[in-house]
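Read through the structure below, which is laid out as structure tokens, and then see the notes.
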DNA sequence: CCGGATTAGGTTACCGGTAACGTCGCATCC
DNA sequence: GGATGCGACGTTACCGGTAACCTAATCCGG
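Protein chains in written order, with our numbering: chain H, 1 to 335; chain P, 336 to 670.
Have a look at this one:
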């Protein structure tokens, strides 16, 4: 073993009487060694408890990194949490590690994060955001690594896109509501008018209404982060303008549940007096007195598919430029 | 600029007519350069858009890494999500990056994660778990980097401990319940009997009852992950054994809300017929028809404090071995 | 039995920072 | 005026893998 520190590739090689390169080849599962050599190497590796040095591997002119950067809007959302957990787990099984960041729906924060990430020479980047700053785009180009845009679908992906159409999710919910005979519909959203996935659902929703000549009776776009509170107070604010509604579509399930709490408090019956629909398919939606009408997102499956797509891309295997994940409108009983 | 690729330290140095080392010193904010040189370097760095190579920095015999590993039970919990987001943000401001993993309350998964992390030569490790395998402990010793055990307090920290006593949280809630006159109390938990923070709260809770000579009237330990469903069905299962209760303490708020949904469905009034208490202080707890009795955890503050403590430790500044974060019992109106 | 293809390795160069240490000039002080 | 100290740099060595290239032995069909 070299003077101090942990055993390295060279230590394994020396005790076995082979070269570093042979050991490296075996460990990377490359070709160019016999069965016998492979077994001897693996045995010695196990005996010494050798730990590879990813830093060194990712360094060099070769630079074969196993690091993948992932940036989502926030870490406090169970939806993104589920995607991340699934992605992390799947990538780990495939031999990759992640560096996770959040951009809080601000393109500048994404850019700052990406700049830091770039200094770690990642093998690929996964972004969950609709808007990228010009700096981000330039940096991605410079980095020259695969990029997966997930969560939403883009018309022109930078490289890969994996997700589903939030616009269609909104559209579908509008059709569901109008088909149920709702006439005076309101919308409560969050994150202002920023170009987020939620805003895209809103646009799809209004389009769905427009299809049959309807418009929103009222809308309330809070600037807060989505959440139970926001749904509660957003509903209160909207109704305080003395509008009469027979249904409300919410930014997401948390806000819908918050809204439900307010509606119940002021004595409205759901769905008799007013209908409610959310988005996201969170677990809580199914234990309410009445199962919430929502759109379920297969987050864990999404994470797994993203992991597989990115790794295929890195291995040079053919990958579809756009992969659509199927979402499901859960009728529930609040419409 | 060297043949191909991005500008490096050497390129900056050459155009300025100084050595790489001088540029490195300026960029790291070390000493040994004049004001004039500093300004010239910074200007050239800005002009070329130089990006440092953390890989190279963390490599070498020097090995000054800015990577910090963080492992939490799961990424789908808003509580841990909030801690991670705050930790991530605070560490980023201090010039550090994180590599995040989850262990799903299984010490073996934590060990596998740590082994992978170790191959990236991190500067420090943050663990949110009560149980560590012997392999984990050995590896941590070998790595020889600062270790912060967060979330729960341990009697003998490996290095640093930052958190609060889950045992005391449970104890305090027991006192709150008994002080309110509750006599026949049940408990609904998750994750089986594994040595988790939740189980520690359970133990503190039973101790609190024992203090005044009481015992639990019923208890239900599900093996599932905590969640709304689990709370709902756990309550159903417990009550199906024909026990009569006047209060239930839950693993956490999500389960309490799930339980509340079941209790309401079967026609029990809260808190008149039965009291309910959760833990965690999640946002949803405050928009229920009656504000949920719970324990609020300052997750964002915890993340910030952990970041500062770890960085102080890395800089060699003195740091308290144990830091206690104050939690707050929210009386609510469900007890 | 021979020549080209394949297999199983070895050799070399290199990546981009950083600790450690050496050096030089200049101000200071006795 | 010589010794001393220190600020401001320059030099050197090095980390641990990996692509690219090279070599020797083996194999196999004609």
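Each residue gets a CB set at the ideal place from its N, CA and C atoms; glycine is no exception. Computed from a prediction, not measured in an experiment: that's the story for all the values here.
Judged by DSSP secondary structure, residue 103(H) falls outside any beta strand (DSSP E); it is assigned neither H nor E. The residue from 84(H), 311(H), 13(H) and 120(H) with its alpha-carbon nearest to that of residue 436(P) is 84(H).
Neighbours of residue 389(P) in chain H, taken as residues at a C-beta separation under 7 Å, are given in chain order as 119 and 120. Beta-bridge analysis with DSSP links residue 556(P) to 524(P). Taking 8 Å as the CB threshold, residue 263(H) stays off the interface with chain P. Between residue 531(P) and chain H, the shortest Cβ-Cβ separation is not below 8 Å. Counting every other CB atom within 10 Å of its CB across the protein chains shown gives residue 423(P) a total of 16 or more, marking it as buried. According to the DSSP secondary-structure assignment, residue 149(H) is paired through a beta bridge with 127(H) and 161(H).
Contact check for residue 274(H) and residue 245(H): beta-carbon distance about 6 Å, within the 8 Å limit, so the pair qualifies. Contact check for residue 654(P) and residue 644(P): beta-carbon distance about 5 Å, within the 8 Å limit, so the pair qualifies. When the Cα atoms are used, residue 39(H) and residue 375(P) turn out to be separated by approximately 56 Å. For the segment 272–291 of chain H, the set of positions with a beta-carbon nearer than 9 Å to some beta-carbon of chain P reads 282, 283, 284, 285, 286, 287, 288 and 289 in chain order. Spatial neighbours of residue 70(H) in its own chain (CB-CB distance under 6 Å, excluding positions within 5 residues in sequence) are listed in chain order as 98, 100 and 126.
Residue-level contact check: residue 88(H) touches chain P, since one or more beta carbons of chain P fall below 8 Å from its beta carbon. Contact between the segment 320–334 of chain H and the segment 357–374 of chain P is absent: fewer than three C-beta pairs spanning the two stretches fall below 8 Å. Bridge partners of residue 335(H) according to DSSP: none are assigned. The alpha-carbon separation between residue 472(P) and residue 440(P) amounts to approximately 16 Å.
For residue 434(P), the neighbours in chain H by C-beta distance under 7 Å run, in chain order, 97 and 99. Here residue 605(P) has 595, 598, 599, 611, 625 and 669 as same chain residues with Cβ atoms under 8 Å from its own Cβ, once five neighbours each way along the sequence are excluded. Shortest Cα-Cα distance from residue 565(P) to any of 377(P), 545(P) and 592(P) involves 592(P). Interface residue (Cβ-Cβ distance to chain H less than 8 Å): residue 347(P) is not classified as such. Separation of the CB atoms of residue 640(P) and residue 628(P) is rounded to 26 Å, and the pair is thereby denied contact status at 8 Å.
When CB distances to chain P are screened at a threshold of 7 Å, not a single residue of the segment 18–50 of chain H falls below it. A straight-line Cα-Cα distance of about 36 Å links residue 86(H) and residue 601(P).
Assignment of residue 30(H) by DSSP, reduced to helix, strand and coil, places it in the coil class. Cβ-Cβ distances below 7 Å link residue 554(P) to 521 and 522 in the same chain, with the five nearest sequence neighbours on each side left out; the list follows chain order. In this structure, residue 466(P) keeps its C-beta atom at 8 Å or more from the C-beta atom of residue 492(P).
When rounded, the separation of the alpha-carbon atoms in residue 133(H) and residue 162(H) is 20 Å. Annotation for residue 168(H): 204 place their beta carbon closer than 7 Å to its own, counting only its chain and skipping 5 residues before and after.
By the rule that beta-carbons nearer than 8 Å mark a contact, residue 62(H) does not touch chain P.
Between the alpha carbons of residue 482(P) and residue 495(P) lies a distance of about 6 Å.
In the DSSP secondary-structure assignment, residue 611(P) is bridged to 583(P). Ranked by how close their Cα comes to the Cα of residue 299(H), the residues 313(H), 315(H), 325(H) and 312(H) have 325(H) in first place. In the structure shown, residue 599(P) falls within a helical segment according to DSSP collapsed to helix, strand and coil. Using a Cβ-Cβ cut-off of 8 Å, residue 647(P) does not count as an interface residue toward chain H, since no Cβ of chain H sits closer than that to its own.
Shown here, residue 94(H) sits in coil according to DSSP, grouped into three states, outside any helix or strand.
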